[in-house]
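Chains as they are written, first to last, in the UniProt record's numbering: chain A, 1 to 525; chain B, 1 to 525.
Take a look at the structure below.
Number of protein chains: 2
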Amino acid sequence: MADDRFHVYDTTLRDGAQQEGLNLSVADKLAVARHLDGLGVGFIEGGWPGANPKDTEFFRRAKTELDLKHAQLAAFGATRRAGMKAADDPLVAALRDSEAPVVTLVAKSHDRHVELALRTTLEENLAMIRDTVSHLRAEGRRVFLDAEHFFDGYKSNPAYALEVVRTAAEAGADVIALCDTNGGMLPDELAEIVAVAAETEARIGIHCHDDTGCAVANTLAAVQAGATHVQGCANGYGERSGNANLFTVIANLQLKRGFDLVPREALADMTRIAHAITEITNVTPNSHQPYVGLSAFTHKAGLHASAIKIDPSLYQHIDPAEVGNDMRMLVSDMAGRASVELKGREMGYELTSDQSRELVERVKELEAKGYTFEAADASFELLLRDTIGGERRRYFTVESWRTIVERRPTGEVVSEATVKLYAKGERIIATGEGNGPVNALDRAVRLALERLYPELAGLELVDFKVRILEGTHGTDAVTRVLITSSDASGEFATVGVAENIIEASWQALEEAVTYALLRAGREAE
Amino acid sequence: MADDRFHVYDTTLRDGAQQEGLNLSVADKLAVARHLDGLGVGFIEGGWPGANPKDTEFFRRAKTELDLKHAQLAAFGATRRAGMKAADDPLVAALRDSEAPVVTLVAKSHDRHVELALRTTLEENLAMIRDTVSHLRAEGRRVFLDAEHFFDGYKSNPAYALEVVRTAAEAGADVIALCDTNGGMLPDELAEIVAVAAETEARIGIHCHDDTGCAVANTLAAVQAGATHVQGCANGYGERSGNANLFTVIANLQLKRGFDLVPREALADMTRIAHAITEITNVTPNSHQPYVGLSAFTHKAGLHASAIKIDPSLYQHIDPAEVGNDMRMLVSDMAGRASVELKGREMGYELTSDQSRELVERVKELEAKGYTFEAADASFELLLRDTIGGERRRYFTVESWRTIVERRPTGEVVSEATVKLYAKGERIIATGEGNGPVNALDRAVRLALERLYPELAGLELVDFKVRILEGTHGTDAVTRVLITSSDASGEFATVGVAENIIEASWQALEEAVTYALLRAGREAE
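Printed below as a string of structure tokens:
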């Protein structure tokens, strides 16, 4: 078991799962729990057994399928219903039967919620807390209490809110987590209220939501005011604007405030864990996410790049390796030689200063025409190789192509494309159909080449972005197409620019096929 | 001019544009500036004239094309180069020539950055600040100073960092904005350092990045410690993890701390403005965004539902209407009856309550399919007229169309389109050529109709935006096309959605032609 002096308590599987569009199967929940345990959190709240059959099953399967190294499982549930004994309440029994070593009980601490939502008396609510905590303690469980709406409750009736804290602690709850359930608090006021609650005998925890954009700061402020138990969710998942992002909280406390929360090597795996969890939840990763986002250590301005070469710490608040992330340089219209060299090194190429000067010139020239390489790493690598090695390696030569999109009198819309090309000495003609002209072109070119290069069967167009760039000084507008492709080694992006959207798409497609063959180790002609 | 006691300073167009994947044309920048002005911010930083040709053009066009009601434009730039006079520095001249009433100078305030990145002496850096500020003040500009890396600088050499603040203020800078450039600060320490800087004579501003997930809280902490000028970006755009989200900062200060920053009715339009800006930037909106996100007031927990009916304030930290959001907003902020009625009235239509209920239903249904009416007023007006008048008024009926794009063996790329339609009882076939398939389609349809409707000769396609919308639950991705057209009465926008990009473009083109004929006063068939 982890050190008990400070708790890192994850509620992704319960409160995080309240996020719109997030639906986790039992197998998903088990997989997320393994990742969280790998990070070294102390507690994993698995769900509400009894209230939710899926969660009941989670706790059942967890007994045999989860082999936790650091974390303990917590079962979430409510205090007993009004007017009955905790020992007789089937929902309380389900918590006990989950066999989770920790039970986290949610209780009302806001007088108006007791009266309007729970429809009982303030005194009965206290009795429900006292009885349920004592009962579960007698059953050998460790009990935490989530004091729901605590801050709004404190503002409505401070004496009652504090009475809830005291009652739970006296009945044997180990932690009273103060919940900013509606997420409306700002750090200063929150810290004052936490400090008052910390003056009781109770051990205080904190549970924040991000409705004011302050969930992380509120959590830190609570810790400074005396809380020794922090709750949050992986990647900041949760209802509305989400819960406190537990990854950000951990990194801030451990790297900037000297807390020893998770093993150093686990922290260095946090970026991978954060991304692995997005694969399970199927929620698009937030590239802006502090510490672990794809862009968290990405630099665009050329101004900075030259100084970064001298000393990266001048432009980074931490060493990204501490959280398993990486510095990335974007090649953009502010490109300077330093960023091109850095980018090349990132990709494993050492450029001479002549080569990097030439590459900068070519990038600038192409960017002036509308190309962008910041989001098209594969096109940049092809350009870099051209600069080092002379001409572009060609796996095929295109003679011509044609796309037709037609709306027939029946209203049906059909797309087809024909590509004529030479490869390995052969002239090949292929026609593809698709749900649009680019899709049809993509199919046609792969169909043409698949017999000679079977690995192209695994190449897939996964995203397609189009942007019309305004013309400058009398030139026509041009269209920029960014294509993301995926093959056995992962995703990569290519770019094409032309007046004609189909021509721009073709360029990006042609680069995607070339890049896929290059990294499959194919020899060019 | 807005009240000068507290500044809301937006840097979306400069620092926000550093975000990975965010590329704004000059027209985009002008459009974003109009939205920010509509929100009532005090200052809009437009870019770095002189360093970036696009930004030079922005300031040039802003003089005639921007009619700002609240905001003043600020030009961003650096202090003069070492070893020359400010009056002789062409980059300083470009700031003056931008004719922006405010110039914001970035200056180093971290001793190591002066020595390693700027490669000059600490004393020369102070001289550069003194000279550049004085020069621009003598030219009649209001000058703000961005003290770059101030907090890291203060920790490295507090005396020097404060000397930068004093020097700039003495030379005539109105505001010294302390920048947490690397974004690594936490609120407690940041507030202590702001309080020290606020003890100087200088007026203090704050500029935060979100690398610790605390940009908003840091901004609030700085205000509490004495800052009276806050910088941030729309939707939290910016490099790495983004800048402080200006919308969140404004809502927190105005709704929770009693500041009077923007007009109440503008705040109530903030959700719409936030979404409209995402349409321009073509960045996927963050549904979790505090206050203005699609999910910001969305409730999933069934537990809450009945209590919400009794008293919504029990489960919401603010009334979502204060920021123009909606508790049950599923599709867009437009999909409320009140806003539809308001929008209709704005266009000169009085809707009965049955009509507006029906229109809301149709908008919701179409938005669920991927349409957006926020940025497509002409399509909205056509939909509104359909709702009032029954069926769509038709000036022509399409039998079929076809586009061909071909790359010939010579390398030449040609596009043509053929449209077959009926108008005024005639069957008409016309073929157009263009620099792309949509351009060819546009020419073909106008060619077909011009003899019958000569005013279409003046209709021009001026902008074309494409967005691929992710599929949900087993459906394929769809393509949304927004077309901006211009005729004798000005610009208007239409929308089309389909799997096939050409089909989506056709829909938007067909609506554009219909709308142009409608407002030219033509009678439909």
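The beta-carbon is built from N, C-alpha and C at its ideal position, and this holds for glycine as well.
The model shown is predicted, which means the values in this text are computed figures rather than measured ones.
For the alpha helix (DSSP H) that contains residue i, what are its first and last residues?
i	result
threonine 167(B)	158–171
glutamate 433(B)	Element bounds for glutamate 433(B): not the alpha helix (DSSP H) but the beta strand (DSSP E), 426–434.
phenylalanine 380(B)	377–389
alanine 274(A)	270–281
leucine 39(B)	26–39
valine 8(A)	From DSSP, valine 8(A) is part of no alpha helix (DSSP H) but of the beta strand (DSSP E) over 7–10.
Which residues in the same chain as residue i place their Cβ atom closer than 8 Å to its Cβ, once the five residues preceding and following it in sequence are excluded?
i	result
phenylalanine 373(B)	Ser332, Met334, Val363, Leu366, Glu367, Ser379, Phe380, Leu383, Val495
glycine 474(A)	Because glycine 474(A) sits at a pLDDT of 38, beneath the cut-off of 50, its placement in the model cannot be relied upon, and the following sentence gives the value as read from the coordinates. Answer for glycine 474(A): no residue qualifies.
valine 478(A)	Lys369, Gly370, Ile468, Leu469, Gly471, Val497, Ala498, Glu499, Ala504
residue 526(A)	Residue 526(A) lies beyond the range of chain A shown here (1 to 525); nothing can be said about it.
glutamate 491(B)	Val462, Thr484, Ser485
glutamate 139(A)	Arg96
Which same chain residues, not among the five before or five after residue i, have their C-beta less than 6 Å away from its C-beta?
i	result
glycine 458(A)	Asp487, Ala488
phenylalanine 6(B)	Thr228
alanine 520(A)	Glu455
valine 164(A)	Ser109, Ala147
valine 481(A)	Val466, Gly496, Ala504, Ser505, Ala508
alanine 266(B)	Leu39, Gly40
threonine 181(A)	Glu148, His149
Where does the unbroken beta strand (DSSP E) through residue i begin, and where does it stop?
i	result
isoleucine 176(B)	175–179
glutamate 416(B)	413–423
phenylalanine 76(A)	72–78
lysine 108(B)	102–108
isoleucine 129(A)	Element bounds for isoleucine 129(A): not the beta strand (DSSP E) but the alpha helix (DSSP H), 122–138.
glutamate 367(B)	Looking at the DSSP string, glutamate 367(B) is not in any beta strand (DSSP E); the run it does join, the alpha helix (DSSP H), is 353–368.
glutamate 45(B)	43–47
residue 535(A)	For chain A, the structure presents residues 1 to 525; residue 535(A) sits outside this window and is missing.
glutamine 231(B)	229–232
leucine 145(A)	142–148
isoleucine 204(A)	204–207
Tell me which same chain residues have a C-beta within less than 7 Å of the C-beta of residue i, skipping the five on either side of it?
i	result
threonine 120(B)	Ala82, Val114
threonine 271(B)	Val292, Val323, Gly324, Asn325, Asp333
leucine 517(B)	Tyr395, Tyr453
threonine 167(A)	Leu126, Ile129, Arg130
glycine 436(A)	Ser415
alanine 225(B)	Ala191, Val194, Ala195, Ala198
arginine 522(A)	Tyr395, Tyr453
glutamate 201(B)	Ala169
arginine 112(A)	Ser156
proline 158(A)	none
Within 7 Å: the Cβ of residue i and any heavy atom of the ligand COA?
i	result
alanine 251(B)	Inclusion of the ligand COA in the displayed structure is not the case, the ligand content being empty and no account of it being possible.
Query - Near-chain B residues of the segment 103–125 of chain A - C-beta to any C-beta below 7 Å - result: The residues in question are Arg112, His113, Leu116, Ala117.
**Report entry** Touch test, the segment 102–110 of chain B against the segment 141–149 of chain B, Cβ-Cβ under 8 Å, three pairs minimum
**Finding:** Result yes; three or more Cβ-Cβ pairs closer than 8 Å.
Report task. Indicate whether the contact test is met: 3 or more Cβ pairs, each with one atom in the segment 204–224 of chain B and one in the segment 243–257 of chain B, closer than 8 Å. Result -> Yes, the segment 204–224 of chain B touches the segment 243–257 of chain B.
Query - Cβ-based contacts, 7 Å cut-off: residues of the segment 380–405 of chain A near chain B - result: Taking 7 Å as the Cβ-Cβ cut-off, the segment 380–405 of chain A approaches chain B at Glu399, Ser400, Trp401, Arg402, Thr403, Ile404, Val405, given in chain order.
Report task. Counting only runs of 3+ residues fully inside the segment 456–507 of chain A, write out the beta strand (DSSP E) ranges in chain order. Result -> Qualifying beta strand (DSSP E) stretches, in chain order: 460–469, 478–487, 490–498.
Query raised in the report: Would the segment 210–229 of chain A and the segment 187–195 of chain A be scored as touching if the rule is three or more Cβ pairs under 8 Å?
Result: Yes: at least three Cβ pairs fall under 8 Å.
Query raised in the report: Would you call the segment 12–19 of chain B and the segment 403–420 of chain A touching, i.e. three or more CB-CB distances under 8 Å?
Result: Contact between the segment 12–19 of chain B and the segment 403–420 of chain A is absent: fewer than three C-beta pairs spanning the two stretches fall below 8 Å.
Requested in this report: Residues of the segment 182–201 of chain A with a CB closer than 7 Å to any CB of chain B: list them in chain order, please.
Outcome: Taking 7 Å as the Cβ-Cβ cut-off against chain B, the residues of the segment 182–201 of chain A that qualify are Asn182, Gly183, Gly184, Leu186, Pro187, Asp188.
Query raised in the report: Within the chosen definition, does the segment 39–50 of chain A reach the segment 59–72 of chain A through at least 3 CB pairs nearer than 8 Å?
Result: Yes, the segment 39–50 of chain A is in contact with the segment 59–72 of chain A.
**Report entry** Touch test, the segment 28–35 of chain B against the segment 272–283 of chain B, Cβ-Cβ under 8 Å, three pairs minimum
**Finding:** Contact holds: three or more Cβ-Cβ distances are below 8 Å.
Report task. Compile a chain-ordered list of the residues in the segment 495–516 of chain A whose CB is closer than 8 Å to at least one CB of chain B. Result -> Taken in chain order, the members of the segment 495–516 of chain A whose beta-carbon sits within less than 8 Å of a beta-carbon on chain B are Ala498, Glu499, Asn500, Ile501, Ile502, Glu503, Trp506.
Requested in this report: Mind checking the segment 65–89 of chain B against chain A and listing, in chain order, the residues whose C-beta falls within less than 8 Å of any C-beta there?
Outcome: Answer set for the segment 65–89 of chain B: empty.
Query raised in the report: Which residues, in chain order, does the segment 228–241 of chain B contribute to contact with chain A at a C-beta distance below 8 Å?
Result: Only those residues of the segment 228–241 of chain B whose C-beta falls short of 8 Å from the nearest C-beta of chain A are listed: Gly236, Glu239, Arg240, Ser241.
**Report entry** Contact residues within the segment 453–467 of chain A, judged by C-beta distance below 9 Å to chain B
**Finding:** Along the segment 453–467 of chain A, the positions whose C-beta sits under 9 Å from a C-beta of chain B are Asp463, Phe464, Lys465, Val466, Arg467, read in chain order.
Report task. Could you name the residues of the segment 211–223 of chain A whose beta carbon sits closer than 9 Å to any beta carbon of chain B, in the order they occur along the chain? Result -> Flagged, chain order: Asp211, Thr212, Gly213, Cys214, Ala215, Val216, Ala217, Asn218, Leu220, Ala221.
**Report entry** Proximal residues, the segment 403–435 of chain B versus chain A, C-beta separation under 7 Å
**Finding:** So the close ones are Thr403, Ile404, Val405, Glu406, Arg407, Arg408, Pro409, Val413, Ser415, Asn435.
Report task. Anything in the segment 310–325 of chain A with a Cβ closer than 8 Å to a Cβ of chain B? List those residues in chain order, please. Result -> Listed in sequence order: Ile310, Asp311, Leu314, Tyr315, Gln316, His317, Ile318.
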